[in-house]
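So the structure is just underneath, and the comments pick up after that.
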Amino acid sequence: MASEELDALHSQFPQCETLAFADLSADMVLVTNTDAPQQREALNALCADAAKSLGKPGSPNFGDGQSDTALIATRERLTIFLRASGEPADVLCCICKPTIDVSAFLAAARPTLQKISSGS
Amino acid sequence: MDKQTLAQKLAALSSAGESFENGLRVVSNGVEPPILTAILTEVDMTVLPRKLSFRMNGSEISLVAGGRRLRGLVQASKDIKGVMGVIGKSVSHDAPDVVDGLHSIIAQFTATAGQMTVVSEDPDVMGGQSDAGLTAQSLADHWKVDLNPEPLTPMMAFARDCGDLVTAWVVLKDKSENRTGGDGAKLAVLRDTIAEKWSTFSDSVDQLAGDVGFICLNDALGEAGSVAIAKNGSEAAILCYASENMAQLHGAWGKAAL
């Protein structure tokens, strides 16, 4: 189950409060971790931010390459978007505290995304 | 000398802001001020005849200066080639080969930019005639060096402090290019991308990261690598980096005084 995968990642990294699996081709968040505090409007905005940063499949917004990882940092919040390899419309949206260990989180989050994207 | 130049000289001569490494005075960190500017600035501040020995990354050159003029090269470490026609020769307008040769020697010395120190001593040779040599300004004009570069803005300092984490960078001020650095080929890709897409993407940057924020896009530049954007009011730094450095680059932004 996708939500269980997201809950497991959240348990491993409690500094990441929201984990949302989204489909950029439908502009829609499909599933989140159980404790995600965001309402539907905020999740839609999160999906829109993923498209603004990563770009829709085959349509990068800045540069010619298709980015598979976007990191957006402010002093208060760190947002990370990951694109699944093989399914460029599948993305994992993550809202974290700025102090999270980015390298460790990415190493765990990417396999989670691939599992959910491939349905395994 | 006009009042502004005099004020700059007095500020440079004051001990405030000087730093030392193992008792040697540090005159450049390799980037700021640019190394050749730092060497000519030392010449420009030398009134009495002195031998100025510059050391960086295990290399050393010794120049004699006096009367705010560079008189000549008197010593160079063995790794520096082509010193035969220059060492011990007086620098003057009548000796363009010496002036050009000295520029080539200093270019070798400065090729691997690093922290540069200077030691000032009484000269063994070339200490006489007070009007010998060429002024720092004259050499700066000939070598196309800016003796009074603009001070670094916080965003320029951030781009510089990223060091090896970035391969090329552009700092924009009010959407116009203000300062650049790094690998030429990657810088060209970065500039092309900015020219093509910044005017539209900058609105997304404002929406995503606000007035003071930081964005990384791994592999967005294709073979040239990844691109990061640091924003601070009217300034933006656009940095090219290798994707494996993203977390460290984010850490550098977190520590930067922007």
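Going down the list, the protein sequences come from chains P and S. So the first sequence is residues -2 to 117, counted in the numbering used here. So the second sequence is residues 1073 to 1330, counted in the numbering used here. Ideal Cβ positions, reconstructed from N, Cα and C, are used throughout, including at glycine.
- Excluding the 5 residues flanking it on each side, G1205 (chain S) has same chain C-beta neighbours closer than 6 Å at R1141, L1142, R1143 and V1163, in chain order.
- The straight-line gap separating the alpha-carbon atoms of L1124 (chain S) and G1138 (chain S) is approximately 10 Å.
- Interface annotation, L89 (chain P): not in contact with chain S, CB-CB separation never under 7 Å.
- By the neighbour-count criterion, in which 16 or more other beta carbons inside 10 Å mark a residue as buried, V1170 (chain S) falls on the buried side.
- For R1251 (chain S), the beta-bridge partners assigned by DSSP are S:V1243.
- With 16 or more neighbouring CB atoms inside 10 Å of its own CB, G60 (chain P) falls in the buried class.
- Here the segment 1303 to 1319 of chain S does not lie against the segment 75 to 91 of chain P, with fewer than 3 beta-carbon pairs under 8 Å apart.
- Here the alpha carbon of Y1313 (chain S) sits roughly 16 Å from the alpha carbon of I69 (chain P).
- Contact residues of the segment 1204 to 1234 of chain S toward chain P are absent (C-beta to C-beta distance below 9 Å).
- Only exposed fits P1223 (chain S), as fewer than 16 other CB atoms lie within 10 angstroms of its CB.
- For I1111 (chain S), the closest Cβ of chain P is not nearer than 7 Å.
- Scanning its chain for C-beta atoms nearer than 8 Å, with the 5 sequence neighbours on each side dropped, one finds around G1297 (chain S) the residues T1239, K1258, D1291, C1312, Y1313, A1314 and S1315, in chain order.
- Taking a C-beta distance under 7 Å as the contact criterion, A17 (chain P) and T29 (chain P) qualify as a contact pair.
- Closest in C-alpha terms to D1275 (chain S), from the list P:R80, P:L6, P:K49 and P:S56, comes P:K49.
- By alpha-carbon distance to A1212 (chain S), the top candidate from S:T1252, S:D1116, S:N1129 and S:I1159 is S:D1116.
- Of the other Cβ atoms in all chains shown, fewer than 16 fall within 10 Å of the Cβ of T96 (chain P); this residue is therefore exposed.
- For Q1320 (chain S), the enclosing alpha helix (DSSP H) covers residues M1318 to K1327.
- Taking a contact to require three or more Cβ pairs closer than 8 Å, the segment 1225 to 1238 of chain S and the segment 1166 to 1184 of chain S do not qualify as touching.
- Residue range D87 to C93 is occupied by the beta strand (DSSP E) that includes D87 (chain P), with no alpha helix (DSSP H) assigned at that position.
- The residues F18, A19 and D20, in chain order, have a CB closer than 7 Å to that of L27 (chain P) in the same chain once the five nearest residues on each side in sequence are set aside.
- The beta carbon of N41 (chain P) sits no closer than 7 Å to any beta carbon of chain S.
- A straight-line Cα-Cα distance of about 10 Å links R1127 (chain S) and R1097 (chain S).
- Apart from the 5 residues on each side of it in sequence, I1266 (chain S) sits with its Cβ closer than 7 Å to the Cβ of V1242 and I1310 in its chain, given in chain order.
- Chain order gives the chain P residues near G1285 (chain S) as I69, A70, T71 and R72, where near means a beta carbon separation below 9 Å.
- Boundaries of the alpha helix (DSSP H) around D4 (chain P): A(-1) to Q9.
- Under the three-state reduction of DSSP, T1109 (chain S) is assigned to helix.
- Annotation: the segment 12 to 99 of chain P contains the following complete segments of the beta strand (DSSP E) (minimum length 3 residues), in chain order: 13 to 20, 25 to 29, 66 to 70, 75 to 80 and 87 to 93.
- Of the candidates S:D1218, S:G1326 and S:F1286, S:D1218 places its Cα closest to the Cα of P1106 (chain S).
- Contact annotation for F59 (chain P) against chain S: T1265, K1269, F1273, L1289, A1292 and V1299 [CB-CB distance below 7 Å, chain order].
- For Q1187 (chain S), no beta strand (DSSP E) segment is defined, and its DSSP state is neither H nor E.
- The DSSP-derived three-state label of V1146 (chain S) is strand.
- Those residues of the segment 42 to 53 of chain P placed with their C-beta closer than 7 Å to a C-beta in chain S are D46, K49 and S50, ordered along the chain.
- Looking at the DSSP output, T1182 (chain S) bridges to nothing.
- When Cβ-Cβ separations below 7 Å define contact, G62 (chain P) makes contact with chain S.
- Cβ neighbours of H7 (chain P) within its own chain (closer than 7 Å, five residues either side excluded): C13, L16, N30 and D32.
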